[in-house]
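In my numbering, the protein residues as written are 1 to 184.
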């Protein structure tokens, strides 16, 4: 089963994948789709408020903010990692429970990046916002760093996220029943 979508002027078919017995999602994976990455970055930048730095969580948002930064002429963007790395100068840390991840995860922000973010306008970007858990974790890291959140963006808003007034997104992605029909 697939769900056909038009995203940033491009047609894509998203495989419908099981999360639980009564919840299925359209699997949106930007990895490897250079055409879609460029187009969605361009369209998100048209909606973006003024910012100093972009931030996303590892991993699916990485190609998106890289391309957004490239198109916008940014020299740097921030990345919340799923694990602390040896090269990090120190870390801020928060917990996240994502709809697509079975277990609790942690996100880490390098204190060197946090220092750059202090007092700056930060735009949070993700590929899909669904439950808002990843978004909340990124917000916590930005707040710990002393950054000023100026916006929250995603390519797709899934389920209840479609009703949120505090996020900007390109398209709505419904949730699905086991038979592939859209949940009411």
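Backbone N, C-alpha and C fix where the C-beta goes; we use that ideal spot for every residue, glycine too.
By the three-class DSSP mapping on this structure, what secondary structure does residue i have?
| i | result |
| --- | --- |
| residue 160 | helix |
| residue 167 | coil |
| residue 1 | coil |
| residue 70 | helix |
Report the partner residues of residue i according to the DSSP bridge assignment.
| i | result |
| --- | --- |
| residue 124 | 55 and 152 |
| residue 10 | 7 |
| residue 175 | 25 |
| residue 182 | 176 |
In terms of alpha-carbon separation, which member of the options lies closest to residue i?
| i | options | result |
| --- | --- | --- |
| residue 159 | 50, 151 and 169 | 169 |
| residue 141 | 15, 177 and 110 | 110 |
| residue 14 | 36, 22 and 47 | 36 |
| residue 151 | 138, 22 and 145 | 138 |
| residue 10 | 30, 135 and 21 | 30 |
| residue 12 | 21, 92, 107 and 171 | 171 |
| residue 114 | 25, 59, 146 and 28 | 146 |
| residue 89 | 75, 112, 183 and 82 | 112 |
| residue 19 | 165, 131, 58 and 41 | 131 |
If the criterion is Cβ atoms closer than 8 Å, does the pair residue i and residue j meet it?
| i | j | result |
| --- | --- | --- |
| residue 62 | residue 78 | no |
| residue 120 | residue 143 | no |
| residue 173 | residue 128 | yes |
| residue 22 | residue 178 | yes |
| residue 64 | residue 155 | yes |
| residue 45 | residue 80 | no |
| residue 3 | residue 26 | yes |
Every unbroken alpha helix (DSSP H) inside the stretch 16-56 [4 residues or more] = Listed in chain order, the complete alpha helix (DSSP H) runs (minimum 4 residues) inside the stretch 16-56 are 34-47.
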